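In terms of UniProt numbering, the sequence shown opens at residue 1 and continues consecutively.
We put the CB at the ideal spot given by N, CA and C, even for glycine.
Computed from a predicted structure; not experimentally measured.
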Amino acid sequence: MAEATTLDAGLGLTYAALIAMALGPIYFGAYGGLARLKSPKDEKKEKVEDDLSDSSDDESEDESEVVSSEDAYMFPVYGSGVLFSLYMVFKYLNKEYITYLLTGYFSIIGVPALTKFFAGLVRSITGIRLPRYHVQVTKRAKSLTHLKFTDLHLAMAVVAIGVTAYYVLTKNWIASNLFGIAFSLSAIQLIRLDSFKTGIIMLMGLFVYDIFWVFGTDVMVSVATKFDGPIKVLWPRNLLSMQPEEPYKMAMLGLGDIVVPGVFVALSLAFDRAQFLASQGYPGVKPVVPRALRHVSFPKPYFTACFTAYILGLVTTMAVMHFFQAAQPALLYLSPACSLSVILVALVRGELSSLFSFTTEEKSEDASKDEKKKES
């Protein structure tokens, strides 16, 4: 959900800032969430390379949450339950105590998210690669958890704790945005749709969900405005024109409007790479490919179309919001834009069957053998 804005000197900056804070996590999250490719190489060399890497590619792959069609059907139901529960809590219970409780929760999960975000940012700027520590907790020879981190992560954890403490004490909107961006980036990297069918079901279900709770009731707007937490990105509408002692008048964009289309954009990028590798003779979700192909640039028609459609959908949301001076359900514009973009590209390229047969789940050996028998 995006909140309405009024015309002022900083309006253009406000819209541009909200759009930028949405596009960054989607773009980098899509690339960060790509399944890690392996190449046939010496095991000793691979071990040395892995121990010197602080990339989270392999970690995100192990921790990723796969969303199936059954899950996608239930998204609007679960979302409605959580949203209405928050609405009732704020309506009948002491808002201050609830805010304290939720702030504590977001602070706990925010420290690791900020640590990963800051570490990735520093690594991308400096290219630094440090030895990685492994901490594994086992019970009766069964691994319960396996943590991988470097000295950079430890340093960034200190920074993250400082930012968290500053946010808890001040509720500063910039610190809140850092949490929002970190949460969105992590979610897009870790949530993986199993197919385009699942993605379209999710987008269409949340399309109806967003319209109902924004236009049909005051629930969505009430929760978004009453809850002072990092569930949205913010930017002052009056940043360039405010007078001394004048409070900020915030415009906002919900994290759901970033993450939900973002995982679909990430799926489009994964499909582009799978198509390219298949054209090179390496079919499958995570094929073993030569080192030269692991980081090679590949054509991205679906990613480009879907990402562009998201931008246009977000711009349309802002334009309608400004014109009508009322909150808009952003998924009303984003869901059709993203889903139709990939379908149209597939129709033009004659790849509609390939699009809907694509899956990010690796098939078991038994399933592969059964397919080969059927083909024979």
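Give the secondary structure of leucine 86 by DSSP, where H, G and I count as helix, E and B as strand, and everything else as coil.
In the structure shown, leucine 86 sits in a helix (DSSP, three-state: H, G or I).
Determine contact between the region 251-271 and the region 184-199, defined as no fewer than three beta-carbon pairs at a distance below 8 Å.
Under the Cβ criterion (8 Å, minimum of three pairs), the region 251-271 counts as touching the region 184-199.
Using 10 angstroms around the beta-carbon of asparagine 94, count the other beta-carbons present and answer buried if the total reaches 16, otherwise exposed.
exposed
For asparagine 238, count neighbouring C-beta atoms within 10 Å of its own C-beta (all shown protein chains included) and say buried if the count is 16 or more, exposed if not.
buried
Would you tell me roughly how many angstroms separate the C-alpha atoms of glycine 350 and leucine 331, rounded to the nearest one?
28 Å
Between valine 82 and proline 290, what straight-line distance do the alpha-carbon atoms span, to the nearest angstrom?
46 Å
Per DSSP, alanine 288 forms a beta bridge with which residues?
The residue you asked about is not alanine; residue 288 is valine in the sequence shown. BP columns for valine 288 point to Lys38.
Please classify glutamine 328 as buried or exposed, where buried requires at least 16 neighbouring CB atoms within 10 angstroms.
buried
Threonine 115 and alanine 160 - do their beta-carbons sit closer together than 8 Å?
yes
Helix, strand or coil for arginine 237 per DSSP?
Looking at arginine 237 - three-state DSSP - the assignment turns out to be coil, as it is neither helix nor strand.
Please report the distance separating the alpha-carbon of leucine 86 from that of glycine 281.
For leucine 86 and glycine 281, the distance between alpha carbons rounds to 51 Å.
Return the chain-ordered list of same chain residues with a C-beta closer than 6 Å to the C-beta of residue 377, the five sequence neighbours on each side being excluded.
Lying outside 1 to 376, the shown extent of the chain, residue 377 is not represented and no answer is given.
Counting pairs of Cβ atoms below 8 Å between the region 152-159 and the region 214-228, do you hit three or more?
Taking 8 Å as the limit for Cβ pairs, the verdict is that the region 214-228 does not touch the region 152-159.
Which term fits tyrosine 288, buried or exposed, when burial requires 16 or more other beta carbons within 10 angstroms of its beta carbon?
According to the sequence displayed, residue 288 carries valine and not tyrosine. Valine 288 should be labelled exposed.
Could you check the C-alpha separation between histidine 322 and proline 25 for me, to the nearest Å?
24 Å
Could you spell out the range, first to last residue, of the alpha helix (DSSP H) harbouring lysine 116?
Counting along the chain, the alpha helix (DSSP H) containing lysine 116 begins and ends at 95-126.
By Cβ distance below 6 Å, which residues in the same chain neighbour leucine 355 in space, the five residues on each side in sequence not counted?
Phe196, Ala346
Select from Ile258, Pro247, Leu293, Gly216 the residue whose C-alpha is nearest the C-alpha of glycine 180.
Of the listed residues, the one whose Cα sits closest to glycine 180 is Ile258.
Using C-beta distances below 6 Å, list every residue in its chain close to tryptophan 173, excluding the 5 sequence neighbours before and after it, in chain order.
Excluding the 5 residues flanking it on each side, tryptophan 173 has same chain C-beta neighbours closer than 6 Å at Leu234, in chain order.
Tell me which same chain residues have a C-beta within less than 7 Å of the C-beta of tyrosine 302, skipping the five on either side of it?
Listed in chain order, the non-local C-beta contacts of tyrosine 302 below 7 Å within the same chain comprise Ser268, Phe271, Asp272, Val342, Val345, local neighbours out to five positions each way being set aside.
How is the alpha helix (DSSP H) around phenylalanine 196 delimited, first residue to last?
Run containing phenylalanine 196: 196-211, per the alpha helix (DSSP H) assignment.
What's the call for valine 214, buried or exposed, on a 16-neighbour Cβ count within 10 Å?
Around the beta carbon of valine 214, a 10 Å sphere encloses 16 or more other beta carbons of the protein chains shown; the residue is thus reported as buried.
Reducing DSSP to helix, strand and coil, say where leucine 255 ends up.
coil
Using DSSP with H/G/I as helix, E/B as strand and the rest coil, what is leucine 130?
coil
If you reduce the DSSP assignment to three classes, tell me which class arginine 140 lands in.
coil
Using CA atoms only, rank isn't needed, just tell me which of Phe106, Ser124, Phe307 is closest to phenylalanine 227.
Phe106
Here's the rule I'm using: 16 or more other beta-carbon atoms within 10 Å means buried, otherwise exposed. How should alanine 17 be labelled?
buried
For the structure I just gave you, are there three or more beta carbon pairs, one from the region 125-135 and one from the region 144-153, closer than 8 Å?
Verdict: yes, contact present.
Who are the near neighbours of phenylalanine 28 in its chain, counting only those whose CB is closer than 7 Å to its CB and skipping five residues on each side?
Leu185
Between isoleucine 19 and leucine 314, is the Cβ-Cβ spacing less than 8 Å?
yes
Under the rule that 16 or more other beta-carbon atoms within 10 Å means buried, what is serine 339, buried or exposed?
Classification for serine 339: buried.
What are the boundary residues of the alpha helix (DSSP H) that valine 159 is part of?
151-170
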